[in-house]
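Under our numbering, the first residue of the first sequence is numbered 1, with each subsequent residue one higher. Every residue gets a Cβ at the ideal spot worked out from N, C-alpha and C, and that includes glycine. A short write-up of the structure that comes next.
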Amino acid sequence: MRFSEFGLTTLKEVPAEAEIVSHQLMLRAGLIRRLASGLFTWMPIGVRVLRKVEAIVREEMNRAGALELLMPAVHPAELWQETGRWDQYGPLLLRIFDRHQREFCFGPTHEEVITDIARRELRSYKQLPINYYQIQTKFRDEIRPRFGVMRSREFIMKDAYSFDVDQAGLDASYQKMHDAYTAIFTRLGLTFRVVWADSGEIGGSKSQEFHVIADSGEDAIAYSDEDDYASNIETAATSPAATTRPAASAALQKIPTPGVRSIDDLCKLLKIEAAQTIKTLIVHGDDGPVALVLRGDHELNAVKAQKLAGVASPLTMADGDTIRKATGSEAGSLGPLGSKLPVYYDHAVTAMANFSCGANEVEQHFTGVNFERDLPLPATVDLRNVIAGDPVPGGNGTLKIARGIEVGHIFQLGTKYSESMRATIHDQDGKERAMHMGCYGIGITRIVGAAIEQNHDANGIIWPEPLAPFDVVLVPINLQRSAIVQEAAEALYAEMQALGVDVLLDDRDVRPGVKFADAELIGIPHRVVLSERGLTGGELEYRHRRDAESRDMKRAAVLELLLK
RNA sequence: CGGGGCAUGGCGCAGCCUGGUAGCGCAUCUGCUUUGGGAGCAGAGGGUCGGGUGUUCGAAUCACCCUGCCCCGACCA
């Protein structure tokens, strides 16, 4: 490609709308342009990157034996009503009417459609296992689209769906996808981790997420410093307190705490650490409000809490009126001592001694509270998010916390959809049974943003070579004024093209500085400068985007390097 | 959904408080010079100041309504 014919416009200044670096660079390098909130046009250079990602994903999916198909983006409402998701999905589902006032939605995911295909196409166990996939546009009407293509409303996803006779078959299909995903993200040149995700309520089902590690990631990941354990922070388990509780040394006291409404306030007033306090949260339970008790510095984990028997799901915090009625006090002065509500204690709480908590009277707190003296020692449950330094659940070492961008998710669905949509096959004994399904997603568009988030510097993008829109950029100096440079540049350009190298020839009549700056901004991995000076000496000037300095090389050596 | 902010030429912004008919930088176009790190000079084009209503002799500027976009939050206890 000749730069002069590529229609690429780069931006020197950062558009005000972009917050994170990948979004800024995608706009500046001309990969995307915004149409509306969460909607983006992929410009020619951006499409080149997208196609590279797609090609790798497609190759590995095919290698894993999956079959590509292409499903409609628009789905009839009836299909979603069959599984009940028409009502469950809520406003995330974009609903539309056709001219006959029939209701449709724009597909946010394709379980319903693929299960409909499967129940029509698949009759016999002999047709299984089978795995269908597509690379296709999804629409989710997100509450808050943000970070450019990281959380957009319309995006491109690779989604695959496996069908097996039984759980053992599903396990094998799932493992195949796990391995294919590992191969894909490795080939893409990204630093990633596979983490355990919310395993769901369906028996035997499991789920793992593939995260690109980046500080700007929306998800927190807990991982072991000694073994392979890694989990989304939402699902990393905490264990019952292992350490022995210190002896009760302080006397129980009730003290006035005027103006105290938070753990922070309490700590400031008493000059203590948050870890010496406990907080009591009132949430809705199955029969009226219930109390959740955590160490003051710990965070409630809503996913864990709403799974507890007796706690309403989804988790909802009680409002001020409910709290007053249930406790006779105000939020800010609550505690387990003397509470009449059902109380759930986090594991960590029973390792505490001489702690402070609310007294269930307005602006009154207890200090020096101890179990077995002031309170019976309760049973405990897992209520909180893990923190760095916690022991690895069922493994070795201690947990560290990193941030990640979720780019892939594999999930065992079991028979959830096959049962509700009656997608059955005949097994070896002639019996009809619901197929075991798995689903496997990769965010194609999100990968592009994640790759930039992980690979950039002050001058712009540094593409991992497999994703780069071009392998190499040729930068001729004085192309329009030097016959030597012109001849050499054209010849090298033609030869690289003939060799199948993706080459960008910067043939613009602009000053060299402009070409260098753009080459770095758009992140082409290899740069070859052709100048009259160098050519006379029989040398080209080569520099990798990650290198600090360029070096002189013979033409043949450059070509050899590009062909690996 | 709650809170905050923003909306002025393609992009980044000033002007608004204190009302008087719109300006700067980048980009674009023309000419000359320049050509190894985002050139210089001279000139040119391009804006119903997001939309509506109102106040006023007069509104980018003041008031009200609407729309769009961005950010934060949705665990105070």
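Among the options, which has the Cα closest to the Cα of residue i?
i           : options            : result
residue 291 : 318, 265, 274, 267 : 318
residue 133 : 446, 505, 441      : 441
residue 234 : 305, 251, 156, 254 : 305
residue 148 : 70, 116, 20        : 20
residue 303 : 84, 402, 316       : 316
residue 339 : 8, 347, 326        : 326
residue 181 : 564, 406, 456, 432 : 406
residue 540 : 548, 556, 547      : 556
residue 547 : 344, 511, 457, 467 : 457
residue 503 : 552, 562, 531, 451 : 562
residue 137 : 150, 126, 155, 144 : 155
residue 52  : 467, 538, 446, 531 : 467
residue 299 : 277, 285, 309      : 277
residue 490 : 230, 310, 528      : 528
In three-state terms, what does DSSP make of residue i?
i           : result
residue 269 : helix
residue 330 : coil
residue 321 : helix
residue 20  : coil
residue 162 : strand
residue 124 : strand
residue 533 : helix
residue 104 : strand
residue 202 : Its pLDDT being 40, under 50, residue 202 is placed unreliably in this model, and the value from its coordinates should be taken loosely. DSSP places residue 202 in coil when its eight states are reduced to three.
residue 178 : helix
residue 438 : strand
residue 264 : helix
residue 1   : coil
residue 137 : strand
residue 431 : coil
Exposed or buried, what is residue i when buried is set at 16 or more other beta-carbons lying within 10 Å of its beta-carbon?
i           : result
residue 100 : exposed
residue 45  : buried
residue 545 : buried
residue 500 : exposed
residue 261 : exposed
residue 515 : buried
residue 279 : buried
residue 207 : buried
residue 396 : exposed
residue 422 : exposed
residue 379 : exposed
residue 158 : buried
residue 97  : exposed
residue 431 : exposed
residue 551 : exposed
residue 32  : buried
Cα separation between residue i and residue j?
i           : j           : result
residue 209 : residue 175 : 13 Å
residue 163 : residue 113 : 14 Å
residue 496 : residue 559 : 8 Å
residue 201 : residue 473 : Bear in mind that a pLDDT of 42 at residue 201, under 50, signals an unreliable position, so the number given afterwards is only what the model happens to contain. Their Cα atoms are separated by approximately 52 Å.
residue 476 : residue 492 : 11 Å
residue 2   : residue 22  : 26 Å
residue 76  : residue 103 : 6 Å
residue 123 : residue 295 : 55 Å
residue 131 : residue 42  : 29 Å
residue 313 : residue 283 : 10 Å
residue 111 : residue 83  : 10 Å
residue 401 : residue 387 : 7 Å
residue 301 : residue 121 : 42 Å
residue 248 : residue 453 : 50 Å
residue 68  : residue 62  : 8 Å
residue 203 : residue 352 : Model confidence at residue 203 stands at a pLDDT of 41, short of 50, so the residue's coordinates are unreliable; what they give is reported in the following sentence. When rounded, the distance between both Cα atoms is 35 Å.
residue 382 : residue 443 : 32 Å
residue 360 : residue 18  : 47 Å
residue 265 : residue 259 : 8 Å
residue 227 : residue 94  : 43 Å
residue 196 : residue 116 : 29 Å
residue 105 : residue 165 : 31 Å
residue 288 : residue 129 : 47 Å
residue 236 : residue 211 : 15 Å
Would you be able to state if there are at least three C-beta pairs under 8 Å between the stretch 425-436 and the stretch 236-251?
-> no
Take every Cβ of the stretch 414-422, pair it with every Cβ of the stretch 478-485, and state whether three or more of those distances are shorter than 8 Å.
-> no
Are three or more beta carbon pairs between the stretch 46-60 and the stretch 169-188 nearer than 8 Å?
-> yes
Any 3 or more C-beta pairs closer than 8 Å across the stretch 460-473 and the stretch 516-530 | Yes, since at least three Cβ pairs between the stretch 460-473 and the stretch 516-530 fall closer than 8 Å, the two stretches touch.
Stretch-stretch touch, CB-based, cutoff 8 Å, three pairs: the stretch 247-264 with the stretch 369-382 = yes
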